[in-house]
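Note that my numbering has the sequence shown beginning at 9, numbered continuously upward. For each residue, glycine too, the CB sits at the ideal point set by N, CA and C. Down below is the structure, laid out as structure tokens.
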Amino acid sequence: MAEPLKVLVTGAAGQIAYSLIFNIAKGDVFGKDQALILVLLDIAPMMSVLDGVVMEIQDCAIPLVKQVIATDKEDVAFQSIDVAILVGSMPRREGMERKDLLQANVKIFKSQGSALDKFAKKTVKVLVVGNPANTNCLIAMKSAPSIPKENFFCLTRLDHNRARAQLALRLGVPSNDVKNVIIWGNHSSTQYPDVNHATVKCDGKEMSVSAAIKDDNWLKNDFIQIIQQRGAAVIKARKLSSAMSAAKAISDHMKDIWFGTPEGEWVSMGVISDGNAYNIPDGLIYSFPVKIKNKTWNIVECLSINDFSCEKMKTTATELVEERDTASEFLTSA
Ligand code: NAI
Numbered sequence: 009m010a011e012p013l014k015v016l017v018t019g020a021a022g023q024i025a026y027s028l029i030f031n032i033a034k035g036d037v038f039g040k041d042q043a044l045i046l047v048l049l050d051i052a053p054m055m056s057v058l059d060g061v062v063m064e065i066q067d068c069a070i071p072l073v074k075q076v077i078a079t080d081k082e083d084v085a086f087q088s089i090d091v092a093i094l095v096g097s098m099p100r101r102e103g104m105e106r107k108d109l110l111q112a113n114v115k116i117f118k119s120q121g122s123a124l125d126k127f128a129k130k131t132v133k134v135l136v137v138g139n140p141a142n143t144n145c146l147i148a149m150k151s152a153p154s155i156p157k158e159n160f161f162c163l164t165r166l167d168h169n170r171a172r173a174q175l176a177l178r179l180g181v182p183s184n185d186v187k188n189v190i191i192w193g194n195h196s197s198t199q200y201p202d203v204n205h206a207t208v209k210c211d212g213k214e215m216s217v218s219a220a221i222k223d224d225n226w227l228k229n230d231f232i233q234i235i236q237q238r239g240a241a242v243i244k245a246r247k248l249s250s251a252m253s254a255a256k257a258i259s260d261h262m263k264d265i266w267f268g269t270p271e272g273e274w275v276s277m278g279v280i281s282d283g284n285a286y287n288i289p290d291g292l293i294y295s296f297p298v299k300i301k302n303k304t305w306n307i308v309e310c311l312s313i314n315d316f317s318c319e320k321m322k323t324t325a326t327e328l329v330e331e332r333d334t335a336s337e338f339l340t341s342a
């Protein structure tokens, strides 16, 4: 069996972590022969809840799990880790402005970025889930200058999976027969789910999604809104935000980093923009279509972009620039 991989999950007493830790522990993410040391970080008031989670991990009796470390201390949590999945963040409370939420989270992700810089392996892969995920990721990245920028990701795989599933439902095909949807931009309601390059297998024949759906009006309006508003729809129904599907998306994302994307397919991930691809401003964490090989990602370039897409991609980039600028103000005054 390979040397244990040290995997940190923050927000470990929360609802996403409750599903995620099980997926990781049973080998669905890093492989069925990959031993694991699970490191679980939450805040001090949640330590008794976290004790219960640790008991349940033990009770699963999973042989891959060699050790579980539960802590409320960042210097313990980030020590020599190979993977950091940063789920824990300050939730948005009623009446809270987006700015207040950003301010609270800048503090958390600045501190965790510094801890990554000081204590983690330089090869650590960092996936930020806690919202606002793109900007939190940017803050963590900026606070960890000794770790390559390419090692930082934010989660837009849930949006990607939602887009795939909605198209599959509409066409009555399995979701894995729908390929190459794209989520552009921010993990927020300005994100742009793009089906212009997506394909689907219908009756054994591969065709473009728009040819299969045959309803451009639905694709340009209802479909986009369903994906943009899906998180809010789940909260309305469940009175809690997406957790099982978020954990599945995190697992899909990390698994693709570890083992690569399938031949001929791309996935959506929030990664650093260098200003070249698709005219997205330099230095934003923006969701692009990416392919991964040998744990290295590349943006899928040169896809044709029509005027409709171009507008939508700009709108979500503008929102990210605003978030970045607000966060920078808080960072310099913190
Ligand atoms: P939750 O409220 O059930 O759990 C969050 C946990 O984080 C709590 O146990 C809390 O104590 C902990 N926490 C807060 N500050 C912390 C800190 N500084 N260090 C470590 N732990 C800390 O929330 P849930 O449902 O698990 O969601 C977590 C985050 O994920 C939220 O920000 C949510 O908006 C976001 N999310 C992002 C998605 C995406 O696609 N990017 C999808 C779904 C949720």
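- The DSSP assignment places complete beta strand (DSSP E) segments of no fewer than 3 residues inside the segment 167 to 241 at 190 to 192, 200 to 202, 207 to 210 and 213 to 216, in order along the chain.
- DSSP, reduced to helix, strand and coil, places Ile45 within a strand of the structure shown.
- In this structure, the beta-carbon distance from Leu110 to Val73 does not fall below 8 angstroms.
- Three or more Cβ pairs drawn from the segment 206 to 226 and the segment 183 to 193 lie within less than 8 angstroms of each other, which places the two stretches in contact.
- Only residues of its own chain outside the window of five on either side were considered, and among them Leu163, Arg165, Leu166 and Asn169 have a CB closer than 7 angstroms to the CB of Ala257, listed in chain order.
- Secondary structure of Trp266 (DSSP, three-state): helix.
- Look at Pro270: its beta carbon is at least 7 angstroms from all of the heavy atoms in ligand 1.
- Distance from the CA of Asn139 to the CA of Ser97, rounded to the nearest whole angstrom, comes to 7 angstroms.
- Remark: the shortest separation between the CB of Thr143 and any heavy atom of ligand 1 does not fall under 7 angstroms.
- It is roughly 44 angstroms from the alpha-carbon of Thr326 to the alpha-carbon of Asp41.
- Shown here for Asn159: same chain residues with a beta carbon closer than 8 angstroms to its own, the five before and five after excluded, namely Thr131, Val132, Lys133 and Val134 in chain order.
- When beta bridges are read from the DSSP output, Ala78 appears opposite Leu48.
- Exclusion of the five residues before and after Leu339 leaves Val114, Lys118 and Ile147 as the residues of its chain whose Cβ lies within less than 7 angstroms of its Cβ.
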